[in-house]
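J.:
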Amino acid sequence: YVETDGLYELFGRFQVERYLEYNSHNFSKRFDPLSYLYIIKAMNIFDATRNFESLHDSLSNIKAKLTLIGFKGDLLFLPKEMEDIKKTMDDLGRAHLAEYIEIDSKYGHDAFLVELDKFNMHVERALE
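Numbering (the working numbering), first residue to last: 6 to 133.
1. Using a Cβ distance threshold of 8 Å, determine whether the segment 99-110 contacts the segment 70-83, with at least three qualifying pairs required.
2. Which residue spans inside the segment 78-123 form an unbroken alpha helix (DSSP H) run of at least 4?
3. Within its chain, find whatever has a CB closer than 6 Å to the CB of residue 131; leave out the 5 residues flanking it on each side and keep chain order.
4. Taking 8 Å as the cut-off, does the segment 55-64 touch the segment 78-98 (at least 3 CB pairs, one atom from each stretch)?
5. With C-beta atoms as the reference, is residue 113 less than 8 Å away from residue 64?
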């Protein structure tokens, strides 16, 4: 889920194992394991085009504003997919409803955990 092995850059060579042990222990205290499994399942089977002919047809029903944030190197939520959604909204004449921001990061999917300062203002603006 990260383009390069950013754990070493984040924590140092011998701290990676401690980081993983710490987070797995804390994660199990904060979340029900079944909830996590269902979230993963939902992510894996979600299809925005379900019950529609295409992404174009699916997005043509959106009336709310979209803030699409992609992180360079994220291999779970690909920036290319966010770009495709933005382009489709543009093609539908709904460019005013969709904003795409790509955050430059070497941390891939974990960027949203360690680089809040790079994107939190976009989230705050979207929630106003």
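Every residue, glycine too, gets a C-beta built ideally from N, C-alpha and C.
Nothing here was measured: the structure is a model prediction, and the numbers come from that model.
T.: The short version:
1. yes
2. 84-96 and 116-119
3. 72
4. yes
5. no
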